[in-house]
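>
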Amino acid sequence: MNDKLLPDHHDSVMQRIERDLLDSYDEELEMEIDDSRLDAAGEEGAGDGLGRQTYFRELLRLQGELVKLQDWVQFHKKKVVILFEGRDAAGKGGVIKRITQRLNPRVCRVAALPAPNDREKTQWYFQRYVSHLPAGGEIVLFDRSWYNRAGVERVMGFCNDAEYEEFFRSVPEFEKMLIRSGITLVKYWFSITDDEQHLRFLGRIHDPLKQWKLSPMDFESRRRWEAYTKAKETMLERTHIPEAPWHLVQAVDKKKARLNCISHLLTQFPYEEVEHPSIVLPERARNADYIRHPVPAEMYVPDRY
7 MNDKLLPDHH DSVMQRIERD LLDSYDEELE MEIDDSRLDA AGEEGAGDGL
57 GRQTYFRELL RLQGELVKLQ DWVQFHKKKV VILFEGRDAA GKGGVIKRIT
107 QRLNPRVCRV AALPAPNDRE KTQWYFQRYV SHLPAGGEIV LFDRSWYNRA
157 GVERVMGFCN DAEYEEFFRS VPEFEKMLIR SGITLVKYWF SITDDEQHLR
207 FLGRIHDPLK QWKLSPMDFE SRRRWEAYTK AKETMLERTH IPEAPWHLVQ
257 AVDKKKARLN CISHLLTQFP YEEVEHPSIV LPERARNADY IRHPVPAEMY
307 VPDRY
């Protein structure tokens with residue numbers, strides 16, 4: 007796809023980029039919205055067949071179920087690992103953000119590891135991931151995982167053939183071992199089209215709030231689209247095991263992908279609502295001899311708004 011577009015096609019591209027910008031700004035609404043505010047969210051702007059109000063209502067409902075899942079995991083001391091894989095700009099981060107939005111960060115946390123340092127490169131390959139695995143009552147979401155070796159490392163030449171083959175020999179046994187230890191492992195691959203990735207990269211280029219998401223590695227991955235496709239196909243074929251199958255998320259429509267992924271995730275657990283004791287706010291103790299000391303004016307943050 008060439009950046010030098012015909013006028014009509016250029017207008018279509020700009021409209022799609024504009025929708026993408028609107029989607030990112032909707033994140034603020036998502037944090038503030040509740041049932042009483044849903045009527046103020048119009049139905050336009052969320053893609054084919056899914057209006058904004060419908061999207062917000064379903065997202066809020068699913069996030070309520072995620073809170074129940076979190077309570078169930080914490081109460082029963084379950085250990086949960088969820089892997090999010092896919093091409094650059096496939097929407098993994100957006101789904102992770104919606105899952106964690108209303109959850110307790112002490113229970114549900116995200117592991118997004120940087121490139122390995124010199125010391126880590128000499129370790130057993132899985133070692134640095136093991137340190138992020140959950141204890142009882144915890145959920146860990148890996149924003150990219152040990153499958154880096156089957157994807158970016160393979161395509162970019164960061165591992166040799168022997169290391170690549172050893173990964174495929176080891177990873178099924180590694181994942182079976184995690185499951186035998188009591189960990190529930192769920193693996194997602196987010197799938198987008200060549201055209202959609204191109205448009206999302208253009209959106210990042212033209213949005214100053216998203217330019218930080220771009221890196222030289224992103225551009226190189228764009229250039230090597232076909233190599234990544236081949237690596238993905240090999241990875242899915244060799245690591246789709248009964249104990250830890252892959253689940254593919256159609257992610258061209260971001261909002262539908264978020265709802266579909268969260269909805270599917272909830273079906274992977276036999277969770278039920280945990281009863282909590284009634285909460286009674288205690289009266290504040292008041293002492294007659296307590297005097298509040300004044301705070302110097304210069305210590306306050308200025309009221310600019």
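7 is the number of the first residue of the sequence shown in our numbering; add one for each residue after it.
A virtual CB, placed ideally from N, CA and C, is assigned to each residue, including glycine.
If you're wondering where the values come from, they're calculated on a predicted model, not measured in any experiment.
(1) Since residue 90 and residue 84 should fall inside the 8 Å C-beta cutoff, what is the C-beta to C-beta distance between them, to a whole number of angstroms?
(2) So what does residue 194 bridge to, in DSSP terms?
(3) I'd like to confirm the pairing. Which residues does DSSP put opposite residue 6 in its beta bridges?
(4) Would residue 249 pass as a contact of residue 185 if the rule is Cβ separation under 7 Å?
(5) Using CA coordinates, which residue listed in 101, 241, 175, 265 is at the minimum distance from residue 156?
(6) On the premise that residue 253 lies in contact with residue 270, defined as a C-beta separation below 8 Å, what is that separation, rounded to the nearest angstrom?
(7) When DSSP labels each residue in this structure, what does residue 105 get in the three-state scheme?
(8) With distances taken Cα to Cα, identify the nearest neighbour of residue 145 among 73, 169, 123, 175.
(9) Within the same chain, show all residues whose beta-carbon is closer than 7 Å to that of residue 100, passing over the 5 residues directly before and after it, in chain order.
(10) Kindly confirm or deny that the segment 213-220 and the segment 158-167 touch, where touching means at least three C-beta pairs closer than 8 Å.
(11) Taking the alpha carbon of residue 279 as the point to measure from, which residue in 237, 64, 70 has its own alpha carbon closest?
(12) If you run the structure through DSSP and keep just helix, strand and coil, what is residue 285?
(13) With C-beta atoms as the reference, is residue 189 less than 7 Å away from residue 147?
(14) Is residue 23 helix, strand or coil by DSSP?
(15) Compare the C-beta of residue 140 with all C-beta atoms of chain C and state if any pair is closer than 7 Å.
(16) Can residue 116 and residue 77 be called in contact, C-beta distance under 7 Å?
(17) Is residue 53 helix, strand or coil when you go by DSSP?
(18) By the three-class DSSP mapping on this structure, what secondary structure does residue 268 have?
(19) Given a cut-off of 7 Å, decide if residue 96 and residue 196 are closer than it, judged by their beta-carbon atoms.
(20) Apart from the five residues on each side of it in sequence, which residues of its chain come closer than 7 Å, Cβ to Cβ, to residue 258?
(21) Alpha carbon to alpha carbon, how far is residue 193 from residue 118? Give it in angstroms, no decimals.
(22) Taking all protein chains shown into account, decide if residue 52 is buried (16 or more other Cβ within 10 angstroms of its Cβ) or exposed.
(23) Under 7 Å, do residue 132 and residue 180 count as touching if we go by C-beta distance?
(24) Which one of 164, 211, 237, 112 has the shortest CA to CA distance from residue 141?
(25) Which same chain residues end up closer than 7 Å to residue 231 when comparing Cβ atoms and leaving out the 5 residues on each side of it in sequence?
(26) For residue 211, name the three-state secondary structure that DSSP assigns.
(27) Helix, strand or coil for residue 297, going by three-state DSSP, please let me know.
On the basis of the data shown:
(1) Incorrect: roughly 19 Å between the Cβ atoms, too far for contact.
(2) 90, 253
(3) As shown, the chain starts at 7 and ends at 311. That puts residue 6 outside it, with no answer to give.
(4) For the 7 Å CB-CB criterion, residue 249 and residue 185 form a contact.
(5) Here the closest residue by C-alpha is 241.
(6) At roughly 6 Å, the Cβ-Cβ gap stays under 8 Å, so residue 270 and residue 253 are in contact.
(7) helix
(8) The candidate whose alpha carbon is nearest that of residue 145 is 73.
(9) 260, 264
(10) Segment contact: the segment 213-220 against the segment 158-167, fewer than three CB-CB distances shorter than 8 Å; contact not assigned.
(11) It is 70 whose Cα lies nearest to the Cα of residue 279.
(12) coil
(13) no
(14) Per DSSP, reduced to three states, the secondary structure at residue 23 is helical.
(15) Absent from the structure is chain C; it holds one protein chain and no more.
(16) Going by C-beta atoms, residue 116 is not nearer than 7 Å to residue 77.
(17) The predicted model places residue 53 with a pLDDT of 45, which falls under 50 and marks its position as unreliable; any figure quoted below should be read in that light. Of the three classes helix, strand and coil, the one that applies to residue 53 here is coil, per DSSP.
(18) helix
(19) yes
(20) 198, 199, 202
(21) Pairing residue 118 with residue 193, the inter-Cα distance amounts to about 15 Å.
(22) Confidence at residue 52 is low in this model, with a pLDDT of 43, below 50, so the placement of that residue is unreliable and no value is reported for it.
(23) Yes. Within cutoff.
(24) 112
(25) Cβ neighbours of residue 231 beyond the five flanking positions: 200.
(26) helix
(27) coil
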